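Take a look at the structure below.
Numbering (my numbering), first residue to last: 2 to 336.
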């Protein structure tokens with residue numbers, strides 16, 4: 002066999018190996034069903050609420066968790082049903098032996114962001130909305146704004162949550178997940194929301210309850226428009242139900258009005274500029290380059306965790322044939 006033939010075989014083998022490598026690293030775990038991973042420092046207002054030691058009717062104890070969003074230095078917006086007694090009634094107090102919160106920690110196995118205790122709960126009388134007060138002042142994090150206007154059907158919002166991958170999978174990933182939704186209906190206290198990105202069946206799952214649906218403005222302002230309330234078994238393509246924030250905005254602002262100006266306090270040592278997501282002209286979300294808090298952290302592109310296959314394959318003939326060729330970098334796709 003001639004030299005050219007041997008080189009051709011080597012190239013084919015290298016391409017197959019590169020493709021296998023990319024396939025092996027490009028399938029990460031997801032939480033919000035069919036969502037994208039949240040990068041370190043991204044959406045730092047996202048909160049995980051953790052209840053340890055909730056009494057049960059049988060006399061035992063159980064643990065649970067919800068999602069939420071920081072709306073002032075001490076207050077977290079979440080779902081009303083995240084605080085319930087033995088008889089499933091919503092209550093205006095903590096129900097577990099320990100009610101904890103992590104703020105600004107995309108990866109729950111990390112140590113960045115804040116740890117706090119929930120010391121007070123306020124229930125909205127009609128909507129599935131509650132507020133949890135923290136024992137610690139959260140600084141260095143821009144809270145969510147509170148929507149004051151009625152949502153428009155067809156508008157796009159984003160959700161961040163710390164829930165399960167599916168209703169049948171009980172394990173919860175460490176890293177928060179995000180997805181994009183479209184407002185499909187609006188009623189007096191609720192709104193319907195349907196997944197649109199990264200997939201049409203992107204949907205909240207158990208323990209995403211209370212997670213904030215929010216709009217994103219060009220200047221980076223995030224405004225809470227709803228919290229996860231209830232919906233079909235995930236994943237699904239039908240609408241989920243969110244409790245409208247604007248419908249109870251006066252009540253929310255009356256509770257947090259004295260806490261809207263943060264007190265001076267050291268910021269987390271790991272704080273850094275947060276990556277910002279944007280959209281392409283076709284409406285597809287993408288992640289703009291930004292500094293990472295942890296250089297070795299998990300990438301924000303959940304469905305492209307490794308080196309793009311085109312870039313890996315393109316490098317093989319360069320090494321084997323010792324030729325330099327300028328090639329255009331390929332961008333990873335998030336679907």
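From the three backbone atoms N, C-alpha and C, an ideal C-beta is built for every residue, glycine too.
All values derive from a computational prediction rather than experimental measurement.
Assuming residue 41 and residue 116 make a contact with CB atoms under 8 angstroms, what is their CB distance in whole Å?
The sequence position of residue 41 within the chain shown is 40, counting from 1. The sequence position of residue 116 within the chain shown is 115, counting from 1. Incorrect: roughly 16 angstroms between the Cβ atoms, too far for contact.
Beta-carbon contacts of residue 100 that lie in its chain and below 6 angstroms, excluding the five residues immediately before and after
Numbered from its first residue, the chain shown carries residue 100 at position 99. Correct list, in chain order: 52 and 119.
With a 10 Å radius around its C-beta and 16 neighbouring C-beta atoms as the bar for buried, classify residue 49 as buried or exposed.
What you label residue 49 is simply residue 48 of the chain shown in a count that begins at 1. Residue 49 is buried by the Cβ-count criterion.
Span of the alpha helix (DSSP H) holding residue 254?
Here residue 254 corresponds to residue number 253 of the chain shown, with the count starting at 1. Residues 250-257.
Going by beta carbon distance, what residues of the same chain come within less than 8 angstroms of residue 76, once the five residues before and after it are set aside?
As a first step, residue 76 is located in the chain shown; it is residue number 75 there, counting from the start. Closer than 8 angstroms at the Cβ level, and outside the excluded window around residue 76, lie 132, 133, 134, 135, 256, 257 and 260.
In chain order, what residues of the same chain have a beta carbon less than 8 angstroms from the beta carbon of residue 232, not counting five sequence neighbours either side?
Reading the chain shown from its first residue, position 231 is the one you call residue 232. Within the same chain, residue 232 has close Cβ partners 204, 205, 239, 240, 241 and 242.
Between the C-alpha atoms of residue 225 and residue 125, what's the straight-line distance to the nearest angstrom?
Numbered from 1 along the chain shown, position 224 holds the residue referred to as residue 225. Numbered from 1 along the chain shown, position 124 holds the residue referred to as residue 125. Straight-line Cα distance between these residues: approximately 16 angstroms.
Could you tell me whether the Cβ atoms of residue 158 and residue 178 are closer together than 9 angstroms?
Stepping through the chain shown from its first residue, residue 158 is reached at position 157. Stepping through the chain shown from its first residue, residue 178 is reached at position 177. The answer is no: Cβ separation not under 9 angstroms.
Inspect the beta-carbon positions of residue 34 and residue 237 and report whether they are closer than 9 angstroms.
Numbered from its first residue, the chain shown carries residue 34 at position 33. Numbered from its first residue, the chain shown carries residue 237 at position 236. For the 9 angstroms CB-CB criterion, residue 34 and residue 237 form a contact.
State the DSSP-derived secondary structure class of residue 206, mapped to helix, strand or coil.
The residue labelled residue 206 in the question sits at position 205 within the chain shown. Of the three classes helix, strand and coil, the one that applies to residue 206 here is coil, per DSSP.
Measure the alpha-carbon distance for residue 186 versus residue 63 and round it to whole angstroms.
Against the chain shown, residue 186 aligns to sequence position 185. Against the chain shown, residue 63 aligns to sequence position 62. Straight-line Cα distance between these residues: approximately 35 angstroms.
Mind checking residue 78: buried by the 16 CB within 10 Å criterion, or exposed?
Within the chain shown, the letter at position 77 stands for residue 78. Answer is buried; the Cβ neighbour count reaches 16.
Compute every distance between the C-beta of residue 135 and the non-hydrogen atoms of the ligand GDP, then say whether any falls below 8 angstroms.
The ligand GDP is not part of this structure, which contains no ligands at all.
List the whole-angstrom C-beta distance separating residue 54 from residue 98, where the pair is believed to meet the contact cut-off of C-beta under 8 angstroms.
Residue numbering aside, residue 54 sits at position 53 when the chain shown is read from its first letter. Residue numbering aside, residue 98 sits at position 97 when the chain shown is read from its first letter. So it is a contact: roughly 3 angstroms between Cβ atoms.
Taking the beta carbon of residue 59 as the centre, do at least 16 other beta carbons fall within 10 Å, making it buried, or is it exposed?
Along the chain shown, one-based indexing puts residue 59 at 58. So residue 59 ends up on the exposed side.
Where does residue 67 sit, in a helix, a strand or coil, going by DSSP?
Here residue 67 refers to the residue found at position 66 of the chain shown. Strand at residue 67.
Buried or exposed (CB count within 10 angstroms, at least 16 for buried), residue 84:
Here the question's residue 84 lines up with position 83 in the chain shown. The residue in question, residue 84, is buried, as its Cβ has 16 or more Cβ neighbours within 10 Å.
Using the three-state DSSP reduction, which class does residue 136 fall into: helix, strand or coil?
Position 135 of the chain shown, counted from the first residue, corresponds to residue 136. In the structure shown, residue 136 sits in coil (DSSP, three-state: anything other than H, G, I, E or B).
Residue 61 burial status per 10 Å Cβ neighbour count (16 or more: buried)
As a working note, residue 61 is residue 60 in the chain shown. By the 10 Å Cβ count, residue 61 comes out exposed.
Who pairs with residue 229 in a beta bridge, going by DSSP?
Within the chain shown, residue 229 is the residue found at index 228, counting from 1. DSSP lists 243 as partners of residue 229.
Separation of residue 164 from residue 87, as counted between CA atoms
For the purposes of this step, residue 87 is identified with residue 86 of the chain shown, where counting begins at 1. For the purposes of this step, residue 164 is identified with residue 163 of the chain shown, where counting begins at 1. Take the alpha-carbon of residue 87 and the one of residue 164: they are about 22 angstroms apart.
Residues of its chain near residue 252, where Cβ-Cβ distance is below 7 angstroms and the 5 sequence neighbours each way are ignored
Position 251 of the chain shown, counting from 1, holds the residue named residue 252. So the list reads 125, once near-sequence residues are dropped.
Going along the chain, which unbroken runs of the beta strand (DSSP E) with 3 or more residues stay wholly within the segment 57-104?
62-71, 76-79 and 99-104
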